[in-house]
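Here the protein sequences line up with chains A and B, keeping their order. The end of the first sequence is residue 278 by the numbering used here, with every number in the run present. The end of the second sequence is residue 1130 by the numbering used here, with every number in the run present. For every residue, glycine included, the Cβ atom is placed at its ideal position computed from N, Cα and C. Before any comments, here is the structure.
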Amino acid sequence: MHVLTFTLLTLAGALVAGLVGALTGLGGGVVLVPLLTLGLGVDIRYAIGASLVCVIATSSGAAAAFVREGFTNIRVGMFLEIATTVGALLGTVLAVYVSSSMLAVIFGIVLLFSAAQSMRQRVEHIAATAPGTLGARLRLSSTYPLGGKLVSYGVERVPAGFAMMFVAGILSALLGIGSGVVKVLAMDRAMHLPYKVSTTTSNFMIGVTAAASAGVYLHRGYIDPVLVMPVVLGVLAGATLGARLLARVHVKPLRMLFTAIMIALAIEMLYQGITKRI
Amino acid sequence: MIEPPAGNAHEDFALEQRLGTLLRGGVILSATVTLIGGIMYLAAHGSAIASFHTFTGEPAELRTVSGVIRGVARGDSVSIIQLGVLLLIATPIARVFISVIGFARERDWMYVACSLLVLALLCFSLVHGG
């Protein structure tokens, strides 16, 4: 295939991934690696490198808006980024010992897990920080805008959240994804932060987590500029368009369709990994 | 220990605005550089054969910050795209750096320490390569 044809195909695929990722709030990163490996026959290491770069682009772009609107808890983010960056650096070390087939299998499992999480009912939490706990000592309580006024919230079980963030960091580096699903789980489920605070703070952290492993992968030669170019530009264009369309689109059927695609990709990744085709 | 009322939301407001501006600027700048390099590359090599099926690793010059800068100075289109990628990786790193300054202004030394630790890990990854 000629470079121009390949670039245009990749650009189109990445645009759709970015668009749907932004519209459904599920992030496009988790479908990029399957799209590149299964759809375009790209080696999984190049795919992971390209995907990490895109993850930085989309999360930084979206975080720019959220952080100004006051949803993001930058203290929670900053503290938990210690866990995700250490996890990510460990992930890059582990990546040396994990075969491409094994990566495909882990990817399939994470995709299935993400699909399951996207179907789960949301529960809105407003926790109170108990005095003397780690959350109180770190002053993690804050406020967020809800229905035109600022609502105060606290935080619980910080060590559990921290441990989960460590896992999120490892997965991010191994698979070239943002690990947003695990990050939201850590803040929403373990630390009982409000859902909107969890998702925006997760997004805020994704760029730093991905940058930690992207630096290492750059040195290992995983980041191919010619491949990255259409992927990152496509995803950014798609995500920007998605943010504009969000108010005018029925998200629910789209979310169900995207979940179904994730399950299909998961099965294909598992099959290709188990039969050692990847 | 008494919980400070409503966290530090008000104090952090200025920092939040600065971080938002920085993140947006970084993404726009890096996308522009990537696009310029990409158009230059496609104009010269669009009819070459694409090969990403087998992993061979990138040439040494595209693996380090200094190598990429040398390539850009030569006007190499692939290096210009890689500069866009480097700018993108640098965006969250710059965000952490601005956080260090922001927390230092608030005299919040615990968070200065947190941000510095993350900053050190990120710089180690980008410069040393893990």
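So does the segment 160 to 180 of chain A actually touch the segment 52 to 67 of chain A, counting three or more Cβ pairs closer than 8 angstroms? With contact defined as three or more Cβ pairs closer than 8 angstroms, the segment 160 to 180 of chain A and the segment 52 to 67 of chain A are in contact.
Just to confirm, is the Cβ distance from A:S141 to A:G147 under 9 angstroms? No. Outside cutoff.
- Message: Quick check: what's the CA-CA separation for A:F166 versus A:T209?
- Response: Straight-line Cα distance between these residues: approximately 10 angstroms.
| Taking only beta-carbon atoms, is A:A1 less than 9 angstroms away from chain B? | The residue asked about is misnamed: residue 1 of chain A is Met in this sequence, not Ala. So, interface residue.
- Specify the secondary structure class of A:P253 as computed by DSSP and reduced to three states. Of the three classes helix, strand and coil, the one that applies to A:P253 here is helix, per DSSP.
Tell me which same chain residues have a C-beta within less than 7 angstroms of the C-beta of B:Y1041, skipping the five on either side of it?
S1077, V1078 and I1081, listed in sequence order.
Q: Assess, as a yes-or-no matter, whether the segment 1084 to 1091 of chain B is touched by the segment 1029 to 1046 of chain B under the definition of 3 or more beta carbon pairs within less than 8 angstroms.
A: Contact holds: three or more Cβ-Cβ distances are below 8 angstroms.
Alpha carbon to alpha carbon, how far is A:F113 from B:E1106?
Their backbone Cα atoms lie some 40 angstroms apart in a straight line.
**Asked** Quick one: is B:S1066 near chain A, going by C-beta distance under 9 angstroms?
**Response** With 9 angstroms as the cut-off, B:S1066 does not count as an interface residue toward chain A.
Q) Does DSSP put A:H125 in a helix, in a strand, or in coil? A) In this structure, DSSP gives A:H125 a state outside helix and strand, which the three-state scheme calls coil.
Name, going along the chain, the residues of the segment 233 to 263 of chain A whose beta-carbon falls closer than 7 angstroms to a beta-carbon of chain B. For the segment 233 to 263 of chain A, the residues whose beta carbon sits under 7 angstroms from a beta carbon of chain B are, in order, L233 and L236.
What distance in whole Å lies between the Cβ atoms of A:V33 and A:S47, which are believed to be in contact at a cut-off of 8 angstroms? Checking the sequence shown, residue 47 of chain A turns out to be Ala, not Ser. 5 angstroms between Cβ atoms; contact.
Chain B beta carbons: is any one of them nearer than 9 angstroms to that of A:Y46? Yes, contact with chain B.
- Query: Going by DSSP, which residues form a beta bridge with A:S152?
  - Reply: Answer is A:T143, bridged to A:S152.
Legend entry - Positions along the segment 1034 to 1047 of chain B whose CB lies within less than 9 angstroms of some CB in chain A: Cβ proximity to chain A below 9 angstroms picks out T1034, L1035, G1037, G1038, Y1041, L1042, H1045, G1046 and S1047 from the segment 1034 to 1047 of chain B.
Query raised in the report: Roughly how many whole angstroms lie between the Cα atoms of A:Y271 and A:V30?
Result: Whole-angstrom Cα-Cα distance: 17 angstroms.
Hey, would you say A:L90 sits closer than 9 angstroms to A:A173, going by beta carbons? Using a Cβ distance threshold of 9 angstroms, A:L90 and A:A173 count as a contacting pair.
Check your understanding: Does DSSP classify A:H192 as helix, strand or coil?
Key -> Looking at A:H192 - three-state DSSP - the assignment turns out to be coil, as it is neither helix nor strand.
Mind listing the chain A neighbours of B:V1085? Cutoff is C-beta to C-beta under 7 angstroms, in chain order.
Correct list: V53, I223, P225 and V228.
Q.
Counting only Cβ pairs nearer than 8 angstroms, list the residues of chain B close to A:I278.
A. Chain B residues near A:I278: none, gap ~11 angstroms exceeds 8 angstroms.
Cα-Cα separation between A:L9 and A:G41, rounded to whole angstroms:
Cα to Cα, the separation comes out at about 12 angstroms.
*For A:E69, does the count of other Cβ atoms within 10 angstroms reach 16, so buried, or fall short, so exposed?*
A:E69 is exposed by the Cβ-count criterion.
Any idea what DSSP makes of B:I1049, helix, strand or coil? Here B:I1049 carries a strand assignment [DSSP, helix/strand/coil].
Within the continuous alpha helix (DSSP H) that includes A:M295, where are the two ends?
With chain A covering only 1 through 278, there is no way to say anything about residue 295 of chain A.
### Task
Identify every residue that forms a DSSP beta bridge with A:H279.
With chain A covering 1 to 278 only, the question about residue 279 of chain A has no answer from this structure.
Exposed unless 16 or more other CB atoms sit within 10 angstroms - verdict on B:M1001: At B:M1001 the pLDDT is 34, less than 50, meaning the model places this residue with poor confidence; the figure from the coordinates comes in the next sentence. Under this definition B:M1001 is an exposed residue.
message: Just to confirm, is the Cβ distance from A:A239 to A:A115 under 9 angstroms?
response: Judged by beta-carbon spacing, A:A115 lies beyond the 9 angstroms limit of A:A239, meaning their Cβ atoms are not closer than that value.
message = Given a cut-off of 9 angstroms on the beta-carbon distance, is the pair B:A1104 and B:V1112 in contact?
response = A distance below 9 angstroms separates the beta carbons of B:A1104 and B:V1112.
Output the boundary residues of the alpha helix (DSSP H) element that contains A:Y46. Its alpha helix (DSSP H) spans residues I44 to E69.
Can you give me the start and stop residues for the alpha helix (DSSP H) that A:K276 sits inside? First-last for A:K276: undefined, no H or E at that position.
| task | Can you say whether A:V251 is buried or exposed, counting buried as having 16 or more other CB atoms within 10 angstroms of its CB? | result | With fewer than 16 other Cβ atoms within 10 Å, it is exposed.
Exercise. Once you ignore the five residues that flank B:A1044 on each side, which residues in its own chain have a CB closer than 8 angstroms to its CB?
Worked result: The beta carbon of B:A1044 sits closer than 8 angstroms to the beta carbons of S1077 from its chain, once the five residues preceding and following it are set aside; these are given in chain order.
Span of the alpha helix (DSSP H) around A:R244: Taken as a continuous stretch (DSSP letters only), the alpha helix (DSSP H) holding A:R244 covers P225 to L245.
For this session: Run down chain B in chain order and give the residues with a C-beta less than 7 angstroms from the C-beta of A:T7.
Result: Within chain B, the residues near A:T7 are L1042.
How is A:Y222 classed by DSSP in three states: helix, strand or coil?
Secondary structure of A:Y222 (DSSP, three-state): coil.
Exercise for review: Return the Cβ separation of B:A1060 and B:G1067 in integer angstroms, given the expectation that the two are a contact with Cβ distance under 8 angstroms.
Suggested key: Right, the Cβ-Cβ distance comes to about 6 angstroms (below 8 angstroms), so this counts as a contact.
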